[in-house]
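Encoded as structure tokens, the structure appears first; notes follow it.
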Amino acid sequence: MLQLHMIKKVFPILAVSIFSAMLGVGLVSPILPLYASDMGATGTQLGIIFAGYGISNSILTPIMGRLSDRRGRKLFLCI
Numbered sequence: 003m004l005q006l007h008m009i010k011k012v013f014p015i016l017a018v019s020i021f022s023a024m025l026g027v028g029l030v031s032p033i034l035p036l037y038a039s040d041m042g043a044t045g046t047q048l049g050i051i052f053a054g055y056g057i058s059n060s061i062l063t064p065i066m067g068r069l070s071d072r073r074g075r076k077l078f079l080c081i
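Each residue of the sequence shown is one higher than the one before, counting from 3 in my numbering.
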């Protein structure tokens, strides 16, 4: 019963954290191509930028998750 209470307490905090992180990415994504094209970037270069973000996120998320489990979350939340 205590675990269920903790889940109900932690879940909204986690949901807001994930929402704010995704909102930050979502706000920049539509504007970045306009800004980059003004600087002379091509569509291919923009694709590489977005793909680089997705690939690095896919690779680093599990690694950082395991490290935060071992070393503590406070350090990695500050990074």
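For each residue, glycine too, the CB sits at the ideal point set by N, CA and C.
8 Å contact criterion, which residue i and residue j should meet: CB distance rounded
i: residue 48; j: residue 32; result: The Cβ separation is near 12 Å, so there is no contact.
First through last residue of the alpha helix (DSSP H) which encompasses residue i
i: residue 46; result: 45 to 73
Residue i to residue j span [Cα, whole Å]
i: residue 59; j: residue 6; result: 30 Å
i: residue 37; j: residue 30; result: 10 Å
i: residue 41; j: residue 72; result: 43 Å
i: residue 22; j: residue 16; result: 10 Å
i: residue 24; j: residue 44; result: 25 Å
Contacts around residue i, its chain only, beta-carbon distance under 7 Å, and the 5 residues preceding and following it disregarded
i: residue 74; result: none
i: residue 78; result: 66, 69 and 70
Proximal residues to residue i (C-beta, below 8 Å), its chain only, five neighbours per side dropped
i: residue 76; result: none
Spatial neighbours of residue i in its chain, beta-carbon cut-off 6 Å, leaving aside the 5 residues before and after
i: residue 62; result: none
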